[in-house]
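Visitor: In our numbering, the protein residues as written are 5 to 130.
Ideal Cβ positions, reconstructed from N, Cα and C, are used throughout, including at glycine.
Dropping a structure here in structure tokens format, bear with me for questions.
Quick look at the structure:
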């Protein structure tokens, strides 16, 4: 879990100047996002990126990555069912193979799995 957090921290640190310019644009700025208003879509995706490590802990790599991509694509108005299904699944599969087989990074079991296992065991006992 340390490698993804290090990469995330480096990306977030490198993006700090851009985030500052996004939230507080200069009076001399000649361009704006979202029609001279607040950058709602950009800020929501930033929020999703901040929540992504928590998703890794609670939901696991696969579900978190798929859910992040699905929501982000929907936010940027990519409404094609092909893009909303194939792209998140493909990227999730690539990340899974890359981290678990090539980089040998094993993520802990998601916290949501414990209640699911208990529920499944109760069903099997009855």
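Find the nearest neighbour of residue 65 within the set 124, 123, 95, judged by alpha-carbon distance.
Guide: Along the chain shown, read from residue 1 onward, the residue named residue 65 stands at position 61. With distances taken between Cα atoms, residue 65 lies closest to 95.
Visitor: Tell me where the alpha helix (DSSP H) around residue 48 begins and ends.
Guide: Locating residue 48 in the chain shown gives position 44, where the first residue counts as 1. For residue 48, the uninterrupted alpha helix (DSSP H) segment begins and ends at 44-62.
Visitor: What is the DSSP secondary structure of residue 24, counted as helix, strand or coil?
Guide: On the chain shown, residue 24 is found 20 positions in, with the first residue counted as 1. Three-state DSSP puts residue 24 in a helix.
Visitor: Answer with buried or exposed for residue 73, where buried requires no fewer than 16 other C-beta atoms within 10 angstroms of its C-beta.
Guide: Here residue 73 corresponds to residue number 69 of the chain shown, with the count starting at 1. Label assigned to residue 73: buried.
Visitor: Would you mind working out which of 98, 14, 50 sits nearest residue 75, comparing C-alpha positions?
Guide: By 1-based counting over the chain shown, the position of residue 75 is 71. Ranking 98, 14, 50 by Cα distance to residue 75 puts 50 first.
Visitor: Assuming residue 116 contacts residue 62 (C-beta within less than 8 Å), just tell me the rounded distance between them.
Guide: Working through the chain shown from its first residue, we reach residue 116 at position 112. Working through the chain shown from its first residue, we reach residue 62 at position 58. Sure, about 6 Å apart at Cβ, within 8 Å.
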